[in-house]
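Peer 1: Please see the structure below; I have some questions.
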Amino acid sequence: MKLTRFGFGAGVEALVPDVHEAHRRCIAALVNGSNASIEVAELAQRIDSPKLVVQQLVLDLQDKNLLSVTRSLVGMRVNRISPTLRRLLD
1 MKLTRFGFGA GVEALVPDVH EAHRRCIAAL VNGSNASIEV AELAQRIDSP KLVVQQLVLD
61 LQDKNLLSVT RSLVGMRVNR ISPTLRRLLD
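For the record, in the sequence shown the residue sitting at position 59 is 59 according to the UniProt record's numbering, with numbers rising by one throughout.
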């Protein structure tokens, strides 16, 4: 069984009531961070949010060409962050 993005989006708010705040914290950490590259697991820990929530947001942002991600056997790493991403904080 695989979790689809639609299924995740439909159910995440019931499980994580402050998911929009978690998204805002994640984007703020990405655009304000000093690292040019960061592991998704480290990012989730830094903003105190579930890894799955951060991972799905990162994949959505990648689909919009706002960042690039490298996948490996141990996880995902955000490599390039577009300056346009900062606009999502406004």
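Ideal Cβ placement from N, Cα and C applies to all residues, glycine included.
All values derive from a computational prediction rather than experimental measurement.
(1) Around the Cβ of A22, are there at least 16 other Cβ atoms within 10 angstroms (buried) or fewer (exposed)?
(2) Does the beta-carbon of L43 have 16 or more other beta-carbons within 10 angstroms, so that it is buried, or is it exposed?
(3) From the DSSP output, read off the bridge partner residues of S68.
(4) Hey, would you say L59 sits closer than 7 Å to L85, going by beta carbons?
(5) What's the gap between the Cα of A29 and the Cα of R87?
Peer 2: So, from the listed chains and residues:
(1) buried
(2) buried
(3) R80
(4) Cβ atoms of L59 and L85: not closer than 7 Å.
(5) 14 Å
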